[in-house]
Amino acid sequence: MHGPPPPPFPVPFSPAPEPVPPPPPGSPGRADAAPRIRRLAAWSLDAALLAGVAGLLAVMTWGRLHGSLVDGLPGKVLSAAGGLLLSGGDAGQAAEAFGMGLWRTIVRDIEQALALLVLIELLYHLVLPACTGRTLGKTAMDIRVRAARATAAGRGPGLGRAARRALVGTAAGTGLYAGAWVLLLEGMFFFALVAWLLAVAVFVANSAPTLFGARRRSLADAAAGTVVVRARSYQRVKEATRYGAVAAWDGAQAAGQVAGQVAGQAARDNAARLAQSGRAQQALESAPVRQVQDMGKRLGGRVRNAYRDRRDDRLPGSSGQPGELQHDPYPQLAAPPQPNPVQPAPAHPGLGEPVLGRPAPVEPVPDPAPYPHPYGNPDEPSGGRPA
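Numbering of the sequence shown is given in numbering that gives the first Met the number 0, commencing with residue 0 and proceeding in unit increments.
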């Protein structure tokens with residue numbers, strides 16, 4: 000018979016796998032690095048906020064231009080007419096001066112709006128990350144900025160790193176584009192084109208490592224020595240909520256146990272009291288107690304009988320000698336008199352017994368006796384008595 004083949008022997012002196020070197024202290028791992036989707040969503044939210052600010056600045060700039068061109072137009076026309084008179088009738092020079100004045104006003108207002116937009120973005124990326132490590136978009140996506148070599152996970156990037164990161168990020172965002180527009184407004188078309196191409200290159204260099212790099216660090220992160228990691232705020236809130244629910248459940252269970260113990264103790268106390276009352280009832284029903292109760296009843300009966308006998312002796316007519324009338328505190332009501340039973344009529348002599356069913360014979364009514372007259376007999380003479 001052939002059995003199963005023996006297990007293969009391990010290869011002698013097989014080289015052990017090389018240990019994976021630990022990441023340097025403070026550097027984020029893949030689990031801590033912010034996901035690409037979150038970083039893209041956070042950048043989109045921040046860009047939407049800045050776009051809203053840019054639209055507000057555009058409306059304000061248009062209002063300023065409208066006020067300068069429409070409201071101040073009569074003054075500019077008078078100024079151009081005065082320039083025409085002073086130039087000796089040179090209309091071309093006067094028109095050029097008038098047009099250049101209007102153009103300078105427009106360029107000035109637009110350049111001020113662009114500079115204000117760049118300043119707002121710089122402060123937005125400087126103040127919030129330096130204080131909290133987050134912008135509004137990063138807060139919504141639960142990610143934050145911290146120093147790459149930070150020893151504490153909750154430490155922010157610091158003011159210096161936040162300033163360098165804000166400068167590079169603002170340059171890649173609106174800084175170079177605003178510079179290209181300023182060069183274009185000033186008439187430097189070649190330099191404006193170069194600035195525009197540079198702005199596109201810096202934007203790609205800043206955002207491409209975030210989406211395709213292994214460490215997901217942008218050009219601004221590399222220049223400032225920062226990283227963007229998971230904030231895990233929602234996870235902590237979830238854990239805190241779960242911990243609170245568990246604590247509430249434990250508290251409810253503990254309260255239920257305490258209530259059960261109290262109820263059990265109360266039940267035991269009631270049972271003990273009932274047992275004691277049962278013993279007392281048994282003691283009351285015992286033979287000695289019954290004997291005492293019977294003796295008390297007999298003694299009470301004797302006292303009551305003696306009182307009644309004494310009361311009867313004190314009543315008048317109870318003995319040969321008349322006694323004094325005594326007040327009875329407990330008078331007894333006399334029984335009402337009973338009617339005498341009807342006796343049958345006696346049998347008359349000479350008359351037969353009445354036959355049942357026949358009326359008895361009627362006796363004759365006797366004559367009434369003569370009634371003496373109070374003044375004598377009127378038939379007798381009034382002279383005197385008869386002889």
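Beta carbons are placed, not taken as given, at the ideal position from N, Cα and C, and that holds for glycine.
- Taking the Cα positions, residue 180 is about 8 Å away from residue 110.
- Rounded to the nearest whole angstrom, the C-alpha separation of residue 114 and residue 61 is 16 Å.
- If you draw a straight line from the Cα of residue 108 to the Cα of residue 195, it is about 21 Å long.
- For residue 144, the uninterrupted beta strand (DSSP E) run begins and ends at 142 to 146, by DSSP.
- Given a length threshold of 4 residues, each whole run of the alpha helix (DSSP H) inside the segment 155 to 235 is given here in chain order: 158 to 169, 175 to 184, 188 to 211 and 218 to 223.
- The beta carbon of residue 202 sits closer than 7 Å to the beta carbons of 171 from its chain, once the five residues preceding and following it are set aside; these are given in chain order.
- Here the alpha carbon of residue 117 sits roughly 53 Å from the alpha carbon of residue 248.
- Of the candidates 41, 120, 285 and 52, 120 places its Cα closest to the Cα of residue 173.
- Under the three-state reduction of DSSP output, residue 32 falls in the strand class.
- Note that the segment 234 to 254 does not touch the segment 202 to 215; fewer than 3 beta-carbon pairs, one per stretch, sit closer than 8 Å.
- Taking all protein chains shown into account, residue 235 has fewer than 16 neighbouring C-beta atoms within 10 Å of its C-beta and is therefore exposed.
- The segment 120 to 132 and the segment 163 to 170 touch, with no fewer than 3 CB-CB distances between them shorter than 8 Å.
- Between the segment 136 to 151 and the segment 223 to 231, the count of Cβ pairs shorter than 8 Å is three or higher; the stretches touch.
- The three-state reading of DSSP puts residue 301 in helix, counting H, G and I together.
- Taking every protein chain shown into account, the CB of residue 296 has fewer than 16 other CB atoms within 10 angstroms, so this residue is exposed.
- Around the C-beta of residue 233, fewer than 16 other C-beta atoms lie within 10 Å, and the residue is accordingly described as exposed.
- The C-beta separation of residue 35 from residue 241 comes to about 29 Å, leaving the pair out of contact by the 8 Å criterion.
- Counting of Cβ neighbours within 10 angstroms places residue 43 among the exposed residues, the total staying below 16.
- Sequence-distant Cβ neighbours of residue 218 in its own chain, meaning closer than 8 Å and more than five residues away, are 167, 171, 201, 204, 205 and 208.
- Linking residue 184 to residue 32 through their CA atoms gives a straight-line distance of about 42 Å.
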